[in-house]
Each structure stands twice: as structure tokens, then as C-alpha cells.
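*Asks:* Dropping the structure in here first, questions after.
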Amino acid sequence: MRKVCLKTSIALALTALSTQTLANGIAINEQSVSGMGTAFAGRSSSAQDASTLYGNPAGLSKLKRSEVSGGLAAIKAKVEIDDASSSASGTNDGDMVPFASVPFGYFATPLNDDWHFGIGVYAPFALISDYEKSFQGRYKGLYSKVQVVTLQPTLSYQINDRVSVGFGPTINRIDGKLTNMLATNALNGGNGDTKLNIKGDDTALGYNIGVLVDINDRTTWGLTYHSKVDYTLEGRTKVSNSPALLGLDGSYDAKLDFTTPESVDTSITYKLDDRWTLYGGATWTRWSRLDKIVVENEGIPALVSGQFSTLTEEMHWEDTWSYAIGAAYQLNRQWVLRTGFALDASPTSNADRTVRIPVGNRKVFSLGAGWSPNEDLTIDVAYSYLRESKASVNQESSGQIGPFTLQPGYNAEYRNSAHGIGTQVTYRF
């Protein structure tokens, strides 16, 4: 029993990430609304404002004045669950992703003709997953909330008229909370199931590095590397309403080593003429970092410490590529219109997908606009629609105590979609 509660509540705490952001797996893309309008197709090759600090730190060299830029993206998701089956009873409403918002902010300034400095705050990873209490698959996952907030100071250097480089260390703060249930009602004399809660946090360092090259007067190529970040999440697992004969109620110290994956983003920006600009890009993400998660537990009684002190959760995620194309049209001096389309593959398959991360392959269509009433101010807006292919969840039963199954299996078909809208304000001085 102790193995089930600790393994479920800690090992999945950081992988139970939101099914509906505009990037797949556990990543999110909402660090820029000016980039959102082209489905982030030219993220590493187009320095439109200070948000290039995330997209490509070398892009700061393209900014000729000091500026502040900040904004907010909001996401409304729809999750449809069909053909659900389990030995447990319950509902399958599918309304498990609340309305969510993702803020960001940046400052950039030239130090001299060659050096630029910037600093930004943004969220590279986040989650929210909240099923109804009667969810039929509640024994495989009920509530999850995890967020990573990053502070990135950055320097860029213009090597010559055509080549710039940039580097920024990242300070990353992660916080997580998870709720899970165990089917112990029969063991508990009909007094309900066991509830599990986990809270934990950590701060860790990483870095982003980029290069930006003007191949000619019309074509710019960019390459950005976002490093992995190694976390040691420390917290406590709380068990409540467990059967008296098992005596599990209480809190346990727990530690989870977890790594967010590195990624490489490359793109091309091509200025077709004075009005049209075209973008194309690809991103590789090393999701195989999430092959398995190892949990170390403290406070386990000596009688069972050898069995439960170290636990492993298999994930078997795979590396992925995502692709995007986009275009911008300069309508007049004040207005620019944008559009884009992206394909983003799921890092997990039908064999390993869980109710916590029921993501499929994604298609994203975006529209956007930028309004500059004068040279000092730009207001960007964007809208994105995301649609996923059908994704199967096939989780087997686990956690046997005699004839009782503590985690009944769950099978279902998920179809996810989402609407995203964002706004960003940039002021130059």
C-alpha cells in the first residue's frame, strides 16, 4: 500500500502537465504574442521586440533602443472523453483544464554599438489538470498543478554587421501539487477512499544560447539552444483516510530527481519585398529525458524500507520534432498582419499515455496583428486554434492487496482542442 501511495503521488507529480498549451509534452510556447501570430515560425530568426531574449538571445543586437515588453496569453481548452471503461464507477465529463493565463515580461537596452543587455521573466513549463471528483479514472490521476517560472539575464554581442551571438543563464523555480485517490473504500469499512497529496519545490540553473546570421539583405537564419535543467523536488506526501488496519495516515519526506529537456530551435526569416515577410522553423526536443523517474523516500519503517525507499516510474517518452511556417504582411506604416501554421508531435504513445498527459499530435493555426501608432509603442494581439488527433489512454490495474485493487485500470479515447488569445505591449525609449 505504501508503495502505491508514494509512487503515484510523487513520481507523477511533475509529469502531470497541462494538456492544453500551444506546445506539446510539458512545454509551453506562450513567451511572446508577436511570435504567437506566426505560430512561432520565425522565433529564432526574427527579433521583433525584447521577447527575442527567449526566442534567440542573439536577437537583442537587432534592437536599437531600450525597450520594455510584456503581455499575457490566455487559453481555454476543451477535452472530449469517449469510449471510457474501467472496473471503477464514475463520470467522464472531460472538463479537466480550467481557463489559464500565462504572463511574461522583458527589458532590453544597448550598452554600446556591440553589446546589448536584457532581462526577462517567463514560464517555459506549466500545468493545470483538474478532473471532477467522481472521475472514473481518478485512481490514475485527479488533480495536478505544476509551474516553472524563469528569470533570465542576457548579454548579446554583435561580432560584425551580419553575425551576432547571445547567452543567458536561467534561474528556474518549480512548484508542484498533486492529488490522487486509492480505491480503499471496501478496506475502510465503507468510509471512503484514501486521499493522497504531494507538495514540493526547487530552484535550479540552466542557460539559453543563440546565434543570428544575416545571410544576405533579405534572409536571416537563427539557431537557439535551451539547456536541460536538473531539479531535485523536495516535499512531503500526505496520506489521509487510509484504512486503520494499514495505518498509513500521516506525512512522509520525499525527493524526486526530475529533468526538463533541452531543445534546439532553428528558423529562417525571408523578406520577400517591402510588404511580405516569410518564416519557417523547426524545433527538436529531447523528451527521452523522461524515460523514467526515480523517487527516493525517507521515513519508511525499517521493516519495508528496502522495498519502498527507492521507486521507479517508467515513462518511455521519445524525442520529437515540431515544424512551423508563417507570414507577415505590412499593411501600412502602423499595421502588420500575421498568420502561421504548426505541426507538433506527441512525445508519448498509446502504450504509455496517461490520464494526466493525454496528449496527441497537434495542429495549430494562428492569426495576429501588430499596431504601432508611433515609433515608441507597439501593441500586438494574436489568436491560435489547436486541434489534436485522437489519443488513446490504456492504463492497467495496479496495487493489489489480497482481492482488492487499489488502482483500477482505465481506458478511454481523448480528443483535445483549445483556443488561445494573447496581447503584448512594447514601449521603446
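Letter by letter, the sequence shown follows residues -23 to -1, 1 to 406 in mature numbering (1 follows the signal peptide of the UniProt record, and there is no 0).
From the three backbone atoms N, C-alpha and C, an ideal C-beta is built for every residue, glycine too.
1. Quick one: residues in its chain with C-beta nearer than 7 Å to the C-beta of residue 396, no 5 flanking neighbours on either side, listed in chain order?
2. Going residue by residue through the segment 140 to 172, where are the continuous beta strand (DSSP E) segments of at least 3 residues, counting only ones entirely within it?
3. Could you work out which residue in 72, 190 and 348 is closest to residue 23 when comparing CA atoms only?
4. Please classify residue 110: is it buried, with 16 or more other beta-carbons within 10 angstroms of its beta-carbon, or exposed?
5. Is there a Cβ from chain D that is less than 9 Å from the Cβ of residue 356?
6. In three-state DSSP terms, what is residue 99?
7. Do you know how far the Cα of residue 3 is from the Cα of residue 123?
8. Note down, in chain order, each residue of its chain lying with its Cβ closer than 7 Å to the Cβ of residue 203, except the 5 sequence neighbours on either side.
9. What did DSSP end up calling residue 322 once you bin it into helix, strand or coil?
10. Are residue 19 and residue 347 touching if we call contact CB-CB under 9 Å?
11. If we count the other Cβ atoms within 10 Å of its Cβ and call it buried at 16 or more, is residue 250 buried or exposed?
12. For residue 154, I'd like the list of residues in its chain whose CB is within less than 6 Å of its CB, leaving aside the five on either flank, ordered along the chain.
13. Within a Cβ cutoff of 6 Å, which residues of the same chain sit near residue 413, ignoring the five residues on either side of it in sequence?
14. Which value, in whole angstroms, describes the spacing of the CA atoms of residue 264 and residue 387?
15. Quick check on DSSP: helix, strand or coil for residue 265?
16. Buried or exposed for residue 365, going by 16 or more other Cβ atoms inside 10 Å?
17. Which residue or residues does DSSP assign as beta-bridge partners of residue 294?
18. Assuming residue 38 and residue 135 form a contact by the criterion Cβ under 8 Å, report the distance between their Cβ atoms to the nearest whole angstrom.
19. Which stretch, first to last residue, makes up the beta strand (DSSP E) that contains residue 387?
20. I need the straight-line Cα distance from residue 60 to residue 374, nearest angstrom please.
21. State yes or no: is the C-beta of residue 145 within less than 9 Å of the C-beta of residue 220?
22. Taking DSSP as the reference, what is the three-state secondary structure of residue 15?
23. Quick check on the DSSP output: what are the complete beta strand (DSSP E) runs of length 3 or more inside the segment 188 to 223, in order along the chain?
24. Please say whether residue 64 and residue 385 have beta carbons closer to each other than 9 Å?
25. State the CB to CB distance for the pair residue 92 and residue 132, rounded to an integer number of angstroms; the pair is presumed to be in contact (CB under 8 Å).
26. Out of 180, 261, 199 and 272, which one is the CA nearest neighbour of residue 229?
27. How many whole angstroms separate the CB atoms of residue 164 and residue 378, which I take to be in contact at a CB cut-off of 8 Å?
28. Quick check: the segment 336 to 354 against the segment 317 to 327, are there 3 or more CB pairs under 8 Å?
29. For my contact list, residue 99 and residue 127 are in at a C-beta cut-off of 8 Å; report their separation, rounded to the angstrom.
30. In the DSSP output, what is residue 182 paired with across the bridge?
31. Please list the terminal residues of the continuous alpha helix (DSSP H) segment that includes residue 423.
32. What residue range does the beta strand (DSSP E) around residue 109 cover?
33. Could you give the residue range of the beta strand (DSSP E) that holds residue 40?
34. Less than 9 Å between the C-beta atoms of residue 323 and residue 1, yes or no?
35. Assuming residue 305 and residue 313 form a contact by the criterion Cβ under 8 Å, report the distance between their Cβ atoms to the nearest whole angstrom.
36. Taking the DSSP output, what are the residues bridged to residue 246?
*Replies:* Once the coordinates are examined:
1. In chain order, 53 and 362 place their CB closer than 7 Å to the CB of residue 396, counting only its own chain and leaving out the 5 sequence neighbours on each side.
2. Taking 3 residues as the shortest admissible run, the segment 140 to 172 contains the following complete beta strand (DSSP E) segments, listed from N- to C-terminal end: 140 to 159.
3. When the alpha-carbon of residue 23 is set against those of 72, 190 and 348, the nearest one is in 190.
4. So residue 110 counts as exposed.
5. Of the chains in the structure shown, none is chain D; there is only one protein chain.
6. Taken through DSSP and simplified to helix, strand or coil, residue 99 comes out as strand.
7. One Cα belongs to residue 123, the other to residue 3, and the distance between them is close to 10 Å.
8. The beta carbon of residue 203 sits closer than 7 Å to the beta carbons of 185, 239 and 240 from its chain, once the five residues preceding and following it are set aside; these are given in chain order.
9. Residue state, collapsed to three classes: coil.
10. Residue 347 sits away from residue 19, with the two beta carbons spaced by 9 Å or more.
11. By the neighbour-count rule (16 or more Cβ atoms within 10 Å), residue 250 is not buried but exposed.
12. The beta carbon of residue 154 lies closer than 6 Å to those of 122 and 176 in the same chain, with the five residues before and after it left out.
13. Any question about residue 413 goes unanswered here, given that the chain covers just -23 to 406.
14. The straight-line gap from Cα to Cα measures roughly 25 Å.
15. Helix, per DSSP.
16. By the beta-carbon neighbour count (other beta carbons within 10 angstroms, threshold 16), residue 365 is buried.
17. DSSP, once it has assigned bridges, lists no residue as partnering residue 294.
18. Right, their Cβ atoms sit about 4 Å apart.
19. Unbroken beta strand (DSSP E) run through residue 387: 387 to 405.
20. The alpha-carbon atoms of residue 60 and residue 374 are separated by roughly 18 Å.
21. In this structure, the beta-carbon distance from residue 145 to residue 220 does not fall below 9 Å.
22. In this structure, residue 15 counts as coil in the three-state DSSP scheme.
23. Counting only runs of 3 or more, we get 196 to 203 and 206 to 217.
24. Using a Cβ distance threshold of 9 Å, residue 385 and residue 64 count as a contacting pair.
25. Between residue 92 and residue 132 the beta-carbon gap is near 7 Å, inside 8 Å, which marks them as a contact.
26. For residue 229, the nearest C-alpha among the options comes from 272.
27. Between residue 378 and residue 164 the Cβ distance is about 7 Å, and since that is below 8 Å, they are a contact.
28. The segment 336 to 354 makes contact with the segment 317 to 327: 3 or more CB pairs, one atom from each, lie closer than 8 Å.
29. About 6 Å separates the CB atoms of residue 99 and residue 127; that is less than 8 Å, so the two are in contact.
30. DSSP lists 148 as partners of residue 182.
31. Residue coverage of the chain in this structure runs from -23 to 406, which leaves residue 423 outside it and unanswerable.
32. Boundaries cannot be given for residue 109, as no beta strand (DSSP E) includes it and DSSP labels it neither H nor E.
33. Taken as a continuous stretch (DSSP letters only), residue 40 belongs to no beta strand (DSSP E), as it is neither H nor E.
34. The Cβ-Cβ distance between residue 323 and residue 1 falls below 9 Å.
35. Right, the Cβ-Cβ distance comes to about 6 Å (below 8 Å), so this counts as a contact.
36. Per DSSP, the beta-bridge partners of residue 246 are 197 and 256.
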